[in-house]
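Inspection log for the structure reproduced underneath, given as C-alpha cells.
Residue numbers (the UniProt record's numbering): 1 to 117.
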C-alpha cells in the first residue's frame, strides 16, 4: 500500500513540476539547455556520491538543487560543470528530487534518485 502512495506522490510531483514550468522560454540559451538534458545520473541508488553528466557542454550559470522527500532543500550548487558530483555524507537514506534551473529560475531538468546507506 505504501508503494501506491509513493507512485501517486511522484506522479503529482512530476505534473506539478511540468505545470510550474509549462511554457518554454524564448531565449536561445534556454532552447539549448532543453536539448542538453542530463544524460545520466549514477549510481542509483547511491551511497557516498551521486554523479550528474550532461550530453553537451553546459553554461556555468545553471543551479542544481536537491530536495528531500518532504520538499526541504538539502543541497544547492551554483555553476554546475559538465560532470558534477554531489557528496552524500550529510544525506539520510531515502528518495530525493533534483532540479536543474537556469539563471532565470526555470526548471530545465528534474528527476529523482535514492540514497541507501
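Ideal Cβ positions, reconstructed from N, Cα and C, are used throughout, including at glycine.
(message) Please list the terminal residues of the continuous beta strand (DSSP E) segment that includes residue 87.
(response) 83-87
(message) Short of 7 angstroms in beta carbon distance, which residues of its chain neighbour residue 95, apart from the five on each side in sequence? Order them along the chain.
(response) 69, 112 and 114
(request) Compare the Cα-Cα distances from residue 107 to each of 51, 59 and 65 and report the closest residue. (result) 65
(message) Counting C-beta neighbours from all protein chains within 10 Å, is the total for residue 60 16 or more, i.e. buried, or is it exposed?
(response) exposed
(message) Going by DSSP, what residue range makes up the beta strand (DSSP E) through residue 110?
(response) 107-115
(request) Compare the C-alpha of residue 89 against each of 56, 57 and 50 and name the closest. (result) 50
(request) Could you check what DSSP says for residue 69 in three-state terms: helix, strand or coil? (result) coil
(message) Within the continuous beta strand (DSSP E) that includes residue 49, where are the two ends?
(response) 49-54
(request) Would you mind stating whether residue 53 and residue 72 have Cβ atoms separated by less than 7 angstroms? (result) no
(message) Classify residue 101: buried if its beta carbon has 16 or more other beta carbons within 10 angstroms, exposed otherwise.
(response) buried
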